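Colleague: My structure is below; once you've seen it, I'll send some questions.
Number of protein chains: 2
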Amino acid sequence: MKKAVVLTSGGLDSTTCLALAIEQGFEPISLSFNYGQRHAIELDAAARIAQHYGVQTHLVADVGLFRAIGQSALTDDIDVPQADSIEHIGSDIPVTYVPARNLVFLSMAVGVAETQSASAIFIGVNALDYSGYPDCRPEFIDAFQRAAVTATKWGVDGEALTIETPLIHMTKAEIIQEGLRLRAPYHLTHSCYAPTRTGLSCGRCDSCLLRLKGFTDAGATDPIGYEVL
Amino acid sequence: MKKAVVLTSGGLDSTTCLALAIEQGFEPISLSFNYGQRHAIELDAAARIAQHYGVQTHLVADVGLFRAIGQSALTDDIDVPQADSIEHIGSDIPVTYVPARNLVFLSMAVGVAETQSASAIFIGVNALDYSGYPDCRPEFIDAFQRAAVTATKWGVDGEALTIETPLIHMTKAEIIQEGLRLRAPYHLTHSCYAPTRTGLSCGRCDSCLLRLKGFTDAGATDPIGYEVL
Numbered sequence: 017m018k019k020a021v022v023l024t025s026g027g028l029d030s031t032t033c034l035a036l037a038i039e040q041g042f043e044p045i046s047l048s049f050n051y052g053q054r055h056a057i058e059l060d061a062a063a064r065i066a067q068h069y070g071v072q073t074h075l076v077a078d079v080g081l082f083r084a085i086g087q088s089a090l091t092d093d094i095d096v097p098q099a100d101s102i103e104h105i106g107s108d109i110p111v112t113y114v115p116a117r118n119l120v121f122l123s124m125a126v127g128v129a130e131t132q133s134a135s136a137i138f139i140g141v142n143a144l145d146y147s148g149y150p151d152c153r154p155e156f157i158d159a160f161q162r163a164a165v166t167a168t169k170w171g172v173d174g175e176a177l178t179i180e181t182p183l184i185h186m187t188k189a190e191i192i193q194e195g196l197r198l199r200a201p202y203h204l205t206h207s208c209y210a211p212t213r214t215g216l217s218c219g220r221c222d223s224c225l226l227r228l229k230g231f232t233d234a235g236a237t238d239p240i241g242y243e244v245l
Numbered sequence: 017m018k019k020a021v022v023l024t025s026g027g028l029d030s031t032t033c034l035a036l037a038i039e040q041g042f043e044p045i046s047l048s049f050n051y052g053q054r055h056a057i058e059l060d061a062a063a064r065i066a067q068h069y070g071v072q073t074h075l076v077a078d079v080g081l082f083r084a085i086g087q088s089a090l091t092d093d094i095d096v097p098q099a100d101s102i103e104h105i106g107s108d109i110p111v112t113y114v115p116a117r118n119l120v121f122l123s124m125a126v127g128v129a130e131t132q133s134a135s136a137i138f139i140g141v142n143a144l145d146y147s148g149y150p151d152c153r154p155e156f157i158d159a160f161q162r163a164a165v166t167a168t169k170w171g172v173d174g175e176a177l178t179i180e181t182p183l184i185h186m187t188k189a190e191i192i193q194e195g196l197r198l199r200a201p202y203h204l205t206h207s208c209y210a211p212t213r214t215g216l217s218c219g220r221c222d223s224c225l226l227r228l229k230g231f232t233d234a235g236a237t238d239p240i241g242y243e244v245l
């Protein structure tokens, strides 16, 4: 059975990606990243979703770097960052400001793919992120695939490694419709940037608003709980 | 003053690279990786070398992933890796078996470069590694540079980011001659895979033998201490 590494954040898009990889006949290896994001809760969601699908290998990679370069103090003369540096980071650094994030995440996925003999990597980048983030553009994905192949055994033995971006040209509503068709476990997903202590989504942050609008546009109901609706 | 991120391992090659970056007029940002390599001693060497050159920003990025995928147990059904997973890894995993290592390291360097507004990344890959490691080939470096530019602000604003590999076509002896010309602090470097408790190099491992042969071929004397010579 052919294998695929699927980048999973616990959100809607990567969950849909995972569902698509499985539909396409891949045995998925899910890979999440603990990189100092504000909401460890999304890592819990990713784990639950992997469990839902019976994913045999669910990896959580710890990436200390982003915590470090996210610190504005880095521009000062300081010796930096061991894993415990997370405590020095303000909770108000938006994860959206992480430079080269997809480049680093995909590179790590290549390492996993090579070790696990996977032939594809799925990443849920999509057109909604397109304008703001250079590393969500098809141009980047194409260039990265070339770099990934030349970096690894694939560049030597001539076998294929592909970077799959099935959502890249979809709207949020189209992604949700695709996920509903595949019965993706959206009730287990998490998108909110500012959840309550009990895990309810706030319903007011950008991520919640985008998600809710997606469900409305898709003519569907979001199955997760919101504090404010 | 233009800035460069220099990947520094504490060894001969990256130290020569750092010396070359400085000679070329760059303000260096040194970046080392704590990725479960057998010899944390090389991180100490990298820090001393950064200090020798008065490097203002010396970063040590913690990369948990390689510890995880280095485990052969990963192919089993296990939930993996938080930073503390290093204790589960045998000390006999050669660092040379790390897949996609340069891809991941360079990707992280791109994140640092973008944050720090550096215009170049120096990496000390060279022809001696060429045959065995796909990610030391010029073909990979070229592909990676394209991916790095498209992944980041450089792909949007049109400014240049270059991946500099000044050692790529040099022999070890030529690298050493270049470093001696630049008075690189080779006495602070570390190459040995199996140092004694007091920090002496073994003089017998592959890395020591390659280093010693390089000095001999360069007609120079290695300034570090060896247990056996």
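Note that the protein sequences, when read in sequence, are chains Z and F.
Each residue of the first sequence is one higher than the one before, starting from 17 at the first, in the numbering used here.
Each residue of the second sequence is one higher than the one before, starting from 17 at the first, in the numbering used here.
Backbone N, C-alpha and C define an ideal beta-carbon position, used for all residues, glycine too.
Since we're looking at a predicted model, the values are computed, not measured.
Could you tell me if F/G235 is buried or exposed, where buried requires 16 or more neighbouring beta carbons within 10 angstroms of its beta carbon?
Modeller: One-based indexing of the second sequence puts residue 235 of chain F at position 219. Exposed is the call here.
Colleague: Determine which residues share a DSSP beta bridge with Z/V281 and list them.
Modeller: Within the shown structure, residues of chain Z are numbered from 17 to 245, placing residue 281 of chain Z beyond reach of any answer.
Colleague: Give a yes or no on contact between the region 179–190 of chain Z and the region 200–207 of chain F, applying the rule of three or more CB pairs nearer than 8 Å.
Modeller: Judged by Cβ distances under 8 Å, the region 179–190 of chain Z makes no contact with the region 200–207 of chain F, as fewer than three pairs qualify.
Colleague: Do F/F49 and F/K19 have their CB atoms nearer than 8 Å?
Modeller: As a working mapping, residue 49 of chain F is identified with position 33 in the second sequence. As a working mapping, residue 19 of chain F is identified with position 3 in the second sequence. Going by C-beta atoms, F/F49 is not nearer than 8 Å to F/K19.
Colleague: Quick check on the burial criterion: 16 or more other C-beta atoms within 10 angstroms. Buried or exposed for F/M124?
Modeller: Here residue 124 of chain F refers to the residue found at position 108 when the second sequence is read from its first residue. The residue in question, F/M124, is buried, as its Cβ has 16 or more Cβ neighbours within 10 Å.
Colleague: What are the boundary residues of the alpha helix (DSSP H) that includes Z/E190?
Modeller: Here residue 190 of chain Z is taken as the residue at index 174 of the first sequence, counted from 1. Element bounds for Z/E190: 188–197.
Colleague: State the DSSP-derived secondary structure class of F/V244, mapped to helix, strand or coil.
Modeller: Your numbering for residue 244 of chain F matches position 228 in the second sequence. Three-state DSSP puts F/V244 in coil, outside helix and strand.
Colleague: Locate the alpha helix (DSSP H) running through Z/E180, then write down its first and last residues.
Modeller: On the first sequence, position 164 is the one that residue 180 of chain Z refers to. No alpha helix (DSSP H) contains Z/E180, which is instead part of the beta strand (DSSP E) from 178–180.
Colleague: Is the CB of Z/T131 under 8 Å away from at least one CB in chain F?
Modeller: As a working mapping, residue 131 of chain Z is identified with position 115 in the first sequence. Closer than 8 Å: yes.
Colleague: Quick one, are the C-beta atoms of Z/V71 and Z/S46 less than 8 Å apart?
Modeller: Walking along the first sequence from the start, residue 71 of chain Z turns up at place 55. Walking along the first sequence from the start, residue 46 of chain Z turns up at place 30. A contact, by the Cβ cut-off of 8 Å.
Colleague: Along the beta strand (DSSP E) that carries F/L20, what are the first and last residues, could you check?
Modeller: In the second sequence, counting from the first residue as 1, residue 20 of chain F sits at position 4. Note that residue 20 of chain F corresponds to Ala in the displayed sequence, not to Leu. Residues 19–23.
Colleague: Please report the distance separating the alpha-carbon of Z/I38 from that of Z/I179.
Modeller: Numbered from its first residue, the first sequence carries residue 38 of chain Z at position 22. Numbered from its first residue, the first sequence carries residue 179 of chain Z at position 163. Computed Cα separation, rounded: 15 Å.
Colleague: Starting from F/A136, trace the beta strand (DSSP E) both ways and give me its first and last residue.
Modeller: Numbered from 1 along the second sequence, position 120 holds the residue referred to as residue 136 of chain F. Unbroken beta strand (DSSP E) run through F/A136: 136–138.
Colleague: DSSP beta-bridge partners for Z/E43?
Modeller: Locating residue 43 of chain Z in the first sequence gives position 27, counting from the first residue. According to DSSP, which records beta bridges pairwise, Z/E43 is partnered with Z/K19.
Colleague: Listed from N- to C-terminal order along the chain, which residues in the region 154–166 of chain F have their beta-carbon within a distance smaller than 9 Å of any beta-carbon of chain Z?
Modeller: Cβ contacts with chain Z: E155, F156, I157, D158, A159, F160, Q161, R162, A163, A164, V165, T166.
Colleague: Grab me the residues of Z/Q98's own chain with a C-beta within less than 8 Å of its C-beta, minus the 5 sequence neighbours each way, in chain order.
Modeller: Along the first sequence, one-based indexing puts residue 98 of chain Z at 82. Residue confidence for Z/Q98 is low, a pLDDT of 29 falling below 50, so the modelled location carries little weight and cannot support an answer.
Colleague: For F/V126, verify whether its CB is less than 7 Å away from any heavy atom of the ligand GDP.
Modeller: Among the components modelled here there is no ligand, and therefore nothing to report on the ligand GDP.
Colleague: Check whether chain Z comes within 8 Å of F/P110, counting only Cβ atoms and requiring the distance to be less than that.
Modeller: If you number the second sequence from 1, residue 110 of chain F lands on position 94. Here F/P110 scores only 34 on pLDDT, less than 50, and its place in the model should not be relied on; the value that follows carries that caveat. No - not a single Cβ of chain Z is within 8 Å of the one on F/P110.
Colleague: Grab me the residues of Z/C221's own chain with a C-beta within less than 8 Å of its C-beta, minus the 5 sequence neighbours each way, in chain order.
Modeller: Position 205 of the first sequence, counted from the first residue, corresponds to residue 221 of chain Z. Result list for Z/C221: C208, Y209, A210, in chain order.
Colleague: So is F/D78 in contact with chain Z if we call contact Cβ pairs under 8 Å?
Modeller: The count along the second sequence starts at 1 and reaches residue 78 of chain F at position 62. Closer than 8 Å: yes.
Colleague: So, does the region 55–71 of chain F touch the region 154–162 of chain F, judging by three or more C-beta pairs under 8 Å?
Modeller: No: the two stretches stay apart, fewer than three of their Cβ pairs being nearer than 8 Å.
Colleague: Taking just the CA atoms, how far does F/L183 sit from Z/I65?
Modeller: By one-based count along the first sequence, residue 65 of chain Z stands at place 49. By one-based count along the second sequence, residue 183 of chain F stands at place 167. For Z/I65 and F/L183, the distance between alpha carbons rounds to 46 Å.
Colleague: Just reading off the alpha helix (DSSP H) that Z/I57 is part of, what are its end residues?
Modeller: As a working note, residue 57 of chain Z is residue 41 in the first sequence. Unbroken alpha helix (DSSP H) run through Z/I57: 57–68.
Colleague: Out of curiosity, what's the CA-to-CA distance linking Z/T166 and Z/L36?
Modeller: Locating residue 166 of chain Z in the first sequence gives position 150, counting from the first residue. Locating residue 36 of chain Z in the first sequence gives position 20, counting from the first residue. Going by the C-alpha atoms only, they are around 27 Å apart.
Colleague: Would you say F/A56 lies against chain Z (beta-carbon separation less than 8 Å)?
Modeller: In the second sequence, residue 56 of chain F corresponds to position 40, counting from 1. Not an interface residue.
Colleague: Whose Cβ in chain F lies nearer than 8 Å to the Cβ of Z/D60?
Modeller: Looking up residue 60 of chain Z in the first sequence gives position 44. Those within 8 Å of Z/D60 in chain F number zero; the least Cβ separation is about 12 Å.
Colleague: Do you know whose CA, among F/E58, F/S133, F/Y202, lies nearest F/W170's CA?
Modeller: As a working mapping, residue 170 of chain F is identified with position 154 in the second sequence. Nearest of F/E58, F/S133, F/Y202 to F/W170, Cα basis: F/S133.
Colleague: Return the CA-CA distance between Z/E130 and F/T32, expressed in angstroms with no decimal places.
Modeller: Taking the first residue of the first sequence as position 1, residue 130 of chain Z is located at position 114. Taking the first residue of the second sequence as position 1, residue 32 of chain F is located at position 16. Between Z/E130 and F/T32, the C-alpha separation is close to 31 Å.
Colleague: Less than 8 Å separating the beta-carbons of Z/V128 and Z/A164?
Modeller: If you number the first sequence from 1, residue 128 of chain Z lands on position 112. If you number the first sequence from 1, residue 164 of chain Z lands on position 148. Contact flag unset, no.
Colleague: Identify the continuous alpha helix (DSSP H) that holds F/S223 and give its terminal residues.
Modeller: The sequence position of residue 223 of chain F within the second sequence is 207, counting from 1. First-last of the alpha helix (DSSP H) with F/S223: 222–233.
Colleague: At the 8 Å Cβ level, is Z/T24 part of the contact set with chain F, yes or no?
Modeller: Indexing the first sequence from 1 puts residue 24 of chain Z at position 8. Output row for Z/T24: interface = no.
Colleague: Could you check the C-alpha separation between Z/V120 and Z/T24 for me, to the nearest Å?
Modeller: To locate residue 120 of chain Z, count along the first sequence from 1; it is residue 104. To locate residue 24 of chain Z, count along the first sequence from 1; it is residue 8. Computed Cα separation, rounded: 14 Å.
Colleague: With DSSP as the reference, label F/D108 as helix, strand or coil.
Modeller: By one-based count along the second sequence, residue 108 of chain F stands at place 92. With a pLDDT of 30 at F/D108, under the threshold of 50, the modelled position of that residue is not reliable, and no figure is offered here.
Colleague: Does any residue of chain F bring its CB to less than 8 Å from the CB of Z/T178?
Modeller: One-based indexing of the first sequence puts residue 178 of chain Z at position 162. Not an interface residue.
Colleague: Could you pull out every residue in the same chain whose Cβ sits closer than 7 Å to the Cβ of Z/I57, ignoring the five residues on either side in sequence?
Modeller: Numbered from 1 along the first sequence, position 41 holds the residue referred to as residue 57 of chain Z. Excluding residues within five positions, the ones whose Cβ falls inside 7 Å are H206, P211, G215.
Colleague: Using a 10 Å radius around the Cβ and a threshold of 16 neighbouring Cβ atoms, would you call Z/R227 buried or exposed?
Modeller: The residue labelled residue 227 of chain Z in the question sits at position 211 within the first sequence. Per the 10 Å Cβ criterion, buried.
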